[in-house]
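Colleague:
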Amino acid sequence: MDAARHQETVRREFGKQARHFAEAGLTLSNEDYLRWMVDVLAPAPHWQVLDVATGTGHLARALAPRVRRVTAVDLTPAMLAEGRRLAGEAGLTNVAFAEGAAERLPCGDATFDLVATRFSLHHMLDPRGAVGEMARVARPGGVVAVIDLVSPDDPALAARYNEVERRRDPSHMRALTLAELTATLEAAGLTISQTLTRDVEAIVERWLEMTHAPPDARRTIVEALTAELAGGPPTGMRPFRRDGELRFLHAWAILLGRR
Amino acid sequence: MIDDELKAILVCPACKGDLRFEETRIICPACRKAYPIRDGIPVMLIDEAQPWSPSA
Chain A
8 MDAARHQETV RREFGKQARH FAEAGLTLSN EDYLRWMVDV LAPAPHWQVL
58 DVATGTGHLA RALAPRVRRV TAVDLTPAML AEGRRLAGEA GLTNVAFAEG
108 AAERLPCGDA TFDLVATRFS LHHMLDPRGA VGEMARVARP GGVVAVIDLV
158 SPDDPALAAR YNEVERRRDP SHMRALTLAE LTATLEAAGL TISQTLTRDV
208 EAIVERWLEM THAPPDARRT IVEALTAELA GGPPTGMRPF RRDGELRFLH
258 AWAILLGRR
Chain B
437 MIDDELKAIL VCPACKGDLR FEETRIICPA CRKAYPIRDG IPVMLIDEAQ
487 PWSPSA
């Protein structure tokens, strides 16, 4: 897939999601998880922060009260507009939004104390290029933080897992394994200072609703997960049923690299 | 309106050089490109930049 076409897919899919993204209550935008992320990032009040592929600025807005300033960059104008509205609503005055590509950041070298990105790498054609750019704009001694989905280690299972994710969201390219995420940071010259993983429970119906997945994709995914529960082939999604609802475990990781 | 702190952070995404800020666009004199400002948000994408010449 060429870069321009993928960029168009990302913008279209996130354009659809912009409004929904800001709604409270979905497992994936849960305040608790954001608080967990911010605590792991352990920001200092004087920090200058860059949030790459910010979306509607979930992480940027969560960090803003604890740092001096956050610059939030994303590819999709609808997401940025929604992020700015929510930042205004929250009375945040130290977040600035700009449209930009992770692989070509519009920021100078060695500028930020923290450069973070949350749930973005799996959308990218060139995650190494993006993390390389993040390392470039981090100041020496600064932190680059990658928060993302983690693919199963087994290649066949990873392929099936990513296929499910892609059906739900055509802008999903590929979630990396933990080893690949580590190698991506190291290739950017970063020294890994912390790696955390966490299994997060998601309700399938809500998770499908978030991306407005088309009916046939929903049906295929639900069928595959149900079949796995009945002893069929594994999807890499780790499905289970609780309170009458089909659920699965999403693997998340936070990797911190020091420049 | 782009505030001064953001102006201090932004560079050209292509050459990483300094920019000149105008009311409705952002100029990279080195690349001879003009990046649009839409709805108050700077659009720092190389594909979206217009050609610019010093005489304009």
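Protein chains in written order, with my numbering: chain A, 8 to 266; chain B, 437 to 492. Glycine is no exception: its CB is placed at the ideal position from the N, C-alpha and C atoms.
What would DSSP say about K469 (chain B), mapped onto helix, strand or coil?
Modeller: By one-based count along the second sequence, residue 469 (chain B) stands at place 33. DSSP places K469 (chain B) in strand when its eight states are reduced to three.
Colleague: From S158 (chain A) to P487 (chain B), what distance separates their C-alpha atoms?
Modeller: Translated into positions along the first sequence, residue 158 (chain A) becomes position 151. Translated into positions along the second sequence, residue 487 (chain B) becomes position 51. Each residue's alpha carbon lies about 42 angstroms from the other.
Colleague: What residues of chain A sit near C448 (chain B), judged by a beta carbon separation below 9 angstroms?
Modeller: Here residue 448 (chain B) is taken as the residue at index 12 of the second sequence, counted from 1. Within chain A, the residues placing a beta-carbon under 9 angstroms from that of C448 (chain B) are P113, ordered along the chain.
Colleague: Alpha helix (DSSP H) containing M480 (chain B): first to last residue?
Modeller: Reading the second sequence from its first residue, position 44 is the one you call residue 480 (chain B). That residue, M480 (chain B), is in no alpha helix (DSSP H); its beta strand (DSSP E) goes I477 to M480.
Colleague: Distance, Cα to Cα, T204 (chain A) vs V45 (chain A)?
Modeller: Position 197 of the first sequence, counting from 1, holds the residue named residue 204 (chain A). Position 38 of the first sequence, counting from 1, holds the residue named residue 45 (chain A). Their backbone Cα atoms lie some 15 angstroms apart in a straight line.
Colleague: Under a three-way DSSP split, which group does I438 (chain B) fall into?
Modeller: Here residue 438 (chain B) refers to the residue found at position 2 when the second sequence is read from its first residue. I438 (chain B) sits in coil when the DSSP states are folded into three classes, being neither helix nor strand.
Colleague: In terms of residue numbering, what span does the beta strand (DSSP E) encompassing A60 (chain A) cover?
Modeller: Counting from one through the first sequence, the residue named residue 60 (chain A) turns up at place 53. Element bounds for A60 (chain A): n/a, residue is neither H nor E.
Colleague: For V77 (chain A), which residues of its own chain have a beta-carbon under 7 angstroms away from its beta-carbon, when the five flanking residues on both sides are left out?
Modeller: Start at 1 with the first residue of the first sequence, and residue 77 (chain A) comes out as number 70. Residues of the same chain with a CB within less than 7 angstroms of the CB of V77 (chain A), apart from the 5 flanking positions on each side, are V56, D58, A67, L70, A71, N101 and V102 in chain order.
Colleague: Hey, could you find the ends of the alpha helix (DSSP H) P246 (chain A) is sitting in?
Modeller: Counting from one through the first sequence, the residue named residue 246 (chain A) turns up at place 239. That residue, P246 (chain A), is in no alpha helix (DSSP H); its beta strand (DSSP E) goes P246 to R249.
Colleague: What does E441 (chain B) reach in chain A if we use C-beta pairs closer than 8 angstroms?
Modeller: In the second sequence, residue 441 (chain B) corresponds to position 5, counting from 1. Ordered by position in chain A, the residues that pass the 8 angstroms Cβ test against E441 (chain B) are R76 and A103.
Colleague: Going by Cα to Cα distance, which pick from A:A195, A:D161 and A:R175 is closest to L185 (chain A)?
Modeller: As a first step, residue 185 (chain A) must be located in the first sequence, where it is residue number 178. Closest option to L185 (chain A), Cα to Cα, is A:D161.
Colleague: Check the Cβ of R474 (chain B) against every Cβ in chain A and list those closer than 8 angstroms, keeping chain order.
Modeller: In the second sequence, counting from the first residue as 1, residue 474 (chain B) sits at position 38. What R474 (chain B) touches in chain A: P84 and E106.
Colleague: From the DSSP output, in three-state form, read off A260 (chain A) for me.
Modeller: Here residue 260 (chain A) is taken as the residue at index 253 of the first sequence, counted from 1. Of the three classes helix, strand and coil, the one that applies to A260 (chain A) here is strand, per DSSP.
Colleague: Return no unless some Cβ of chain B is closer than 9 angstroms to the Cβ of A67 (chain A).
Modeller: One-based indexing of the first sequence puts residue 67 (chain A) at position 60. Closer than 9 angstroms: no.
Colleague: So L121 (chain A) packs on V153 (chain A), CB below 8 angstroms; how close in whole Å?
Modeller: Counting from 1 along the first sequence, the entry for residue 121 (chain A) is found at position 114. Counting from 1 along the first sequence, the entry for residue 153 (chain A) is found at position 146. 12 angstroms between Cβ atoms; not a contact.
Colleague: Pick out whichever of A:H257, A:E20 and A:V47 has its Cα sitting closest to the Cα of Y168 (chain A).
Modeller: Numbered from its first residue, the first sequence carries residue 168 (chain A) at position 161. Minimum Cα distance to Y168 (chain A) is reached at A:H257.
Colleague: Are D454 (chain B) and P84 (chain A) closer than 9 angstroms when you measure CB to CB?
Modeller: Counting from 1 along the second sequence, the entry for residue 454 (chain B) is found at position 18. Counting from 1 along the first sequence, the entry for residue 84 (chain A) is found at position 77. Not in contact: D454 (chain B) and P84 (chain A) (Cβ atoms no closer than 9 angstroms).
Colleague: In this structure, does DSSP put L99 (chain A) in helix, strand or coil?
Modeller: Here residue 99 (chain A) is taken as the residue at index 92 of the first sequence, counted from 1. Coil at L99 (chain A), not helix or strand.
Colleague: In the DSSP assignment, find the beta strand (DSSP E) that holds G149 (chain A) and state where it starts and stops.
Modeller: Working through the first sequence from its first residue, we reach residue 149 (chain A) at position 142. Start and end: A145 to L156.
Colleague: Near R125 (chain A), which residues of its chain fall below 6 angstroms by C-beta distance, leaving aside the five closest residues on each side in sequence?
Modeller: Translated into the one-based positions of the first sequence, residue 125 (chain A) becomes position 118. Once the five neighbours on either side are set aside, the close Cβ partners of R125 (chain A) are L66 and I154.
Colleague: In three-state terms, what does DSSP make of P162 (chain A)?
Modeller: For this step, residue 162 (chain A) is matched to residue 155 along the first sequence. DSSP places P162 (chain A) in helix when its eight states are reduced to three.
Colleague: Name, please, each residue of chain A whose Cβ falls closer than 7 angstroms to the Cβ of M437 (chain B).
Modeller: By one-based count along the second sequence, residue 437 (chain B) stands at place 1. The contacting residues do not exist; M437 (chain B) stays about 11 angstroms from chain A at best.
Colleague: Consider the Cβ of V151 (chain A): report whether some Cβ of chain B lies at a distance smaller than 9 angstroms.
Modeller: On the first sequence, position 144 is the one that residue 151 (chain A) refers to. No, V151 (chain A) does not count as interfacial toward chain B.
Colleague: Taking the alpha helix (DSSP H) that D223 (chain A) belongs to, which residues open and close that run?
Modeller: Taking the first sequence and counting its residues from 1, the one referred to as residue 223 (chain A) is at position 216. Element bounds for D223 (chain A): P222 to L236.
Colleague: Run down chain B in chain order and give the residues with a C-beta less than 8 angstroms from the C-beta of L87 (chain A).
Modeller: The residue you call residue 87 (chain A) lines up with position 80 of the first sequence. Here the neighbours are I477.
Colleague: Measuring only the C-alpha atoms, how far is G136 (chain A) from E110 (chain A)?
Modeller: As a position in the first sequence, residue 136 (chain A) is number 129, starting the count at 1. As a position in the first sequence, residue 110 (chain A) is number 103, starting the count at 1. Their backbone Cα atoms lie some 5 angstroms apart in a straight line.
Colleague: Please look up how many angstroms separate the CB atoms of V211 (chain A) and L236 (chain A), rounded, as I've assumed it's under 8 angstroms.
Modeller: As a first step, residue 211 (chain A) is located in the first sequence; it is residue number 204 there, counting from the start. As a first step, residue 236 (chain A) is located in the first sequence; it is residue number 229 there, counting from the start. In fact, because the Cβ distance is near 11 angstroms, the residues do not count as touching under 8 angstroms.
Colleague: Name the chain B residues that come within less than 7 angstroms of T63 (chain A), Cβ to Cβ?
Modeller: For this step, residue 63 (chain A) is matched to residue 56 along the first sequence. Neighbours of T63 (chain A) on chain B: none; closest Cβ ~13 angstroms, over 7 angstroms.
Colleague: Would you say G32 (chain A) reaches chain B, if we count a Cβ-Cβ gap shorter than 9 angstroms as a contact?
Modeller: On the first sequence, position 25 is the one that residue 32 (chain A) refers to. With a pLDDT of 36 at G32 (chain A), under the threshold of 50, the predicted position of this residue should be treated as unreliable, though the coordinate-derived value follows. Closer than 9 angstroms to the CB of G32 (chain A) there is not a single CB belonging to chain B.
Colleague: Alpha carbon to alpha carbon, how far is L99 (chain A) from V74 (chain A)? Give it in angstroms, no decimals.
Modeller: Position 67 of the first sequence holds residue 74 (chain A). Position 92 of the first sequence holds residue 99 (chain A). One C-alpha to the other measures close to 11 angstroms.
Colleague: Taking the straight line between their C-alpha atoms, what separation do you get for K443 (chain B) and M244 (chain A)?
Modeller: Taking the first residue of the second sequence as position 1, residue 443 (chain B) is located at position 7. Taking the first residue of the first sequence as position 1, residue 244 (chain A) is located at position 237. The straight-line gap from Cα to Cα measures roughly 44 angstroms.
Colleague: For the alpha helix (DSSP H) containing A496 (chain B), name the first residue and the last one.
Modeller: Examination of residue 496 (chain B) is not possible in this model, given that chain B is present from 437 through 492 alone.
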